[in-house]
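**Q** Residue numbers (full-length UniProt numbering): 1 to 135.
Here a beta-carbon is modelled for each residue, glycine too, at the ideal position from N, C-alpha and C.
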């Protein structure tokens, strides 16, 4: 029985273990048909609902953006310039994310609190390292 199956696969040019068995090929064909039907249904829905792309995309002007200033007190304990610069860069990125709606002010504030703690520990290590080098 297995010899007949192996001979049939060899005649069809199918290598053992290649994943191109007739069953695998049928599964791929069915999956392709399902995706094709779903795509056609989506196109039909868009056409039926008179979907059209707007000729002028909505562009927010800078005046419309929120002026986000938050966490002004955070980062005040950082005194090493490179550490302070990293904190300020992350703070600017989070302000952009708040303006674009990717995160809330509370989420950004919590992230900055945790970042400040991590940077304080790093700042302390830098300070200790510099003290041992100069002594």
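If you follow the alpha helix (DSSP H) that residue 72 is part of, which residue opens it and which one closes it?
**A** No alpha helix (DSSP H) contains residue 72, which DSSP labels as neither H nor E.
**Q** Rounded to whole angstroms, how far is the Cβ of residue 108 from the Cβ of residue 94, which I believe are closer than 8 Å?
**A** About 4 Å separates the two Cβ atoms, so the contact holds.
**Q** Taking the alpha-carbon of residue 76 as reference, which of 100, 3 and 123 has the nearest alpha-carbon?
**A** The residue with the shortest Cα to Cα distance from residue 76 is 123.
**Q** Mapping the DSSP letters down to three states, classify residue 127 as helix, strand or coil.
**A** Helix.
**Q** To the nearest angstrom, report how far apart residue 121 and residue 111 are at their CA atoms.
**A** Whole-angstrom Cα-Cα distance: 16 Å.
**Q** Does the distance from the CB of residue 74 to the CB of residue 119 come in under 8 Å?
**A** No, these two residues do not count as a Cβ contact at 8 Å.
**Q** Taking the alpha carbon of residue 91 as the reference point, which residue from 80, 101, 81 and 116 has its own alpha carbon closest?
**A** Cα-wise, what sits closest to residue 91 is 116.
**Q** Quick check: the Cα distance between residue 87 and residue 132, rounded to an integer number of angstroms?
**A** Whole-angstrom Cα-Cα distance: 26 Å.
**Q** Name the residue from 113, 31 and 129 whose alpha carbon lies nearest to the alpha carbon of residue 71.
**A** Comparing Cα-Cα distances from residue 71 to each of 113, 31 and 129, the minimum goes to 113.
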